[in-house]
Amino acid sequence: MTQRPLTLITGAAGGIGSALARTLAPTHDLLLAGRGGPALDALCAELQAQPLLLDLTRPETFAAPLSGIPRVTNLIHSAAVVELGTVADQPHDVWTHTLAVNTVAPAELTRLLLPQLRAERGTVVFVNSTAGLRANAGWASYAASKFALKALADALRDEEAEHGVRVTSIYPGRTATPMQAKVRAQEGADYTPEAFVDPQTVAATIAFALQAPRDATLPDLSVRPGPRP
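Right, here's the structure in full:
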């Protein structure tokens, strides 16, 4: 009997993470990472998934909770934080927090799980952002973290090709998630979910990358809002 892939998703209780978990649950065993709490507990119970408690602000603490994980087929970096503000106004602690969660944590988590990913010839997916391709005013700290995430993915892809590990970056446009609601509030604008990409659409794109035939690598995939009915 063929073993089901084991997929670890960070930010699993968030909009894209939870949509992806529900998409993959019928065919994947799931490790859902987060800081804990009712939302993560409820999702794990719903999907019969295993929780993995990680504090992404403290990458130096990852080794212990990961030590009991014997195999990982796919690693999906979906967690992120955002705080808008100008370079003139944002203090160093905002930059440090944003870069720790959005860049350093994915790098360390990937490093620690590379032996398992190599053994399974698995796939790493980085959920990036259009801000990882172009930085607008007020988005410097977030965009810097996502530009760095692209650099991490690009280097990792070349480094791990010889080990059979595939690496994909996903660049969603504005997506209808709680994070987007927070962003719109910071921008002083209304949050209209129907104007944005459905998180289920982003989840379907990630699933497509995971299921691509082994003779293909999908380095970069962009997801933008499409025409409305």
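Once you know that position 155 of the sequence shown is 155 in UniProt numbering, the rest is easy, because the numbers rise by one and skip nothing. Every residue gets a Cβ at the ideal spot worked out from N, C-alpha and C, and that includes glycine.
Beta bridge counterpart(s) of residue i as assigned by DSSP
i    : result
F126 : H77 and S169
T7   : L30 and N74
V197 : T175
V223 : P172
G85  : W139
L53  : G34
Beta-carbon separation (whole angstroms), residue i vs residue j, contact threshold 8 Å
i    : j    : result
L149 : F126 : 6 Å
I16  : T177 : 6 Å
T96  : L210 : With 8 Å as the limit, T96 and L210 do not qualify as a contact, their Cβ atoms being about 32 Å apart.
Q186 : S141 : At roughly 12 Å, the Cβ-Cβ gap does not stay under 8 Å, so Q186 and S141 are not in contact.
A49  : A19  : Not confirmed; about 14 Å, so no contact.
A12  : L43  : 6 Å
L8   : V72  : 5 Å
D29  : R4   : 5 Å
T10  : I76  : 7 Å
V167 : R121 : Contact flag wrong, Cβ pair sits at about 12 Å.
L112 : F62  : 6 Å
A25  : L56  : 23 Å between Cβ atoms; not a contact.
V183 : V82  : 6 Å
Exposure of residue i, with buried meaning 16 or more beta-carbon neighbours within 10 Å
i           : result
P106        : buried
V87         : exposed
F74         : Note that residue 74 is Asn in the sequence shown here, rather than Phe. So N74 counts as buried.
T110        : buried
S145        : buried
E160        : buried
G132        : buried
N128        : buried
F208        : exposed
A64         : exposed
N136        : exposed
T103        : buried
P115        : exposed
A155        : exposed
residue 248 : The structure shown does not extend to residue 248, since the chain is modelled only from 1 through 229, so no value can be given for it.
S169        : buried
G78         : Per the sequence presented here, residue 78 reads as Ser, with Gly not at that position. By the neighbour-count rule (16 or more Cβ atoms within 10 Å), S78 is buried.
A151        : exposed
A189        : exposed
E60         : exposed
G68         : exposed
G14         : buried
E162        : exposed
A153        : buried
P51         : buried
Test: residue i CB closer than 9 Å to a CB of chain B
i    : result
R184 : No chain B appears in the structure shown, which is made up of a single protein chain.
_Counting beta carbon pairs with one atom in the stretch 219–229 and one in the stretch 27–37, are three or more of them shorter than 8 Å?_
no
*Does the pairing of the stretch 159–176 with the stretch 185–199 give three or more beta-carbon distances under 8 Å?*
yes
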